[in-house]
Amino acid sequence: MDTQTLANRLVELCRKGEFNTCYKELFNPNFKSIEADGSVCTGMEEIGKKGAEWNAGIEAFHGSSVSEPIVAGNHFSLTMSMDLQYKGDSHVSKFEEICVYEVKDGKIVKEQFFYEQAN
54 MDTQTLANRL
64 VELCRKGEFN
74 TCYKELFNPN
84 FKSIEADGSV
94 CTGMEEIGKK
104 GAEWNAGIEA
114 FHGSSVSEPI
124 VAGNHFSLTM
134 SMDLQYKGDS
144 HVSKFEEICV
154 YEVKDGKIVK
164 EQFFYEQAN
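Sequential numbering of the sequence shown, starting at 54, is according to my numbering.
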């Protein structure tokens with residue numbers, strides 16, 4: 054799968070909320086994920102734990118949006134935003150991030166997220 058096709062498929066799945074399918078279908082099993090704070094996870098097992106921890110902190114999910122991808126060579130980026138309510142917080146927050154992906158041999162091998170850190 055070329056980078057544009059892969060990027061389009063990721064956007065399609067994210068817009069449907071099919072995040073597990075994204076990881077199973079589009080990612081190299083040993084990919085690297087880098088958060089805005091510099092923390093790094095490698096591989097599906099670590100990503101699963103990170104996702105479970107993040108989801109555990111969410112009280113309610115009120116929707117999301119994903120931009121069209123911008124592709125350059127074997128990299129692409131997109132923006133994601135989510136309206137959600139964190140546990141212990143009574144108001145809905147808008148979480149926005151820029152996501153950058155690296156593709157090799159038809160699979161995503163690295164993802165990196167850029168967003169404002171909570172104080």
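In this text, a Cβ means the ideal position worked out from N, Cα and C, and glycines have one as well. Note that the structure is a prediction, hence the values are computed from the model and not measured.
Out of 159, 121, 168 and 166, state which residue places its alpha-carbon closest to the alpha-carbon of residue 81. With distances taken between CA atoms, residue 81 lies nearest to 159 out of 159, 121, 168 and 166.
Distance, Cα to Cα, residue 70 vs residue 135? Distance between residue 70 and residue 135, taken at the CA atoms: about 11 Å.
Identify every residue that forms a DSSP beta bridge with residue 161. In the DSSP output, where bridge partners are listed per residue, residue 161 has 80 and 156.
Starting from the C-beta of residue 172, find all residues in its chain whose C-beta is less than 6 Å away, skip the five residues before and the five after it, and write them out in chain order. Residue placement at residue 172 is flagged as unreliable, the pLDDT there being 46, under the threshold of 50; the coordinate-derived value follows with that caveat. For residue 172, where only same-chain residues beyond five positions count, there are no Cβ hits under 6 Å.
Can you tell me where the alpha helix (DSSP H) with residue 54 in it begins and where it stops? Element bounds for residue 54: n/a, residue is neither H nor E.
Using the rule of at least 16 other Cβ atoms within 10 Å of the residue's Cβ for burial, across every protein chain shown, is residue 121 buried or exposed? Label assigned to residue 121: exposed.
Find the nearest neighbour of residue 167 within the set 157, 152 and 161, judged by alpha-carbon distance. Of the listed residues, the one whose Cα sits closest to residue 167 is 152.
DSSP three-state label for residue 104, please. If DSSP states are grouped into helix, strand and coil, residue 104 belongs with the helices.
Taking Cβ positions, are residue 155 and residue 133 nearer each other than 7 Å? Not in contact: residue 155 and residue 133 (Cβ atoms no closer than 7 Å).
Quick one: grab the DSSP three-state call for residue 69. Helix at residue 69.
Taking its Cβ as the centre, do 16 or more other Cβ atoms sit within 10 Å of residue 58, making it buried, or is it exposed? By the neighbour-count rule (16 or more Cβ atoms within 10 Å), residue 58 is not buried but exposed.
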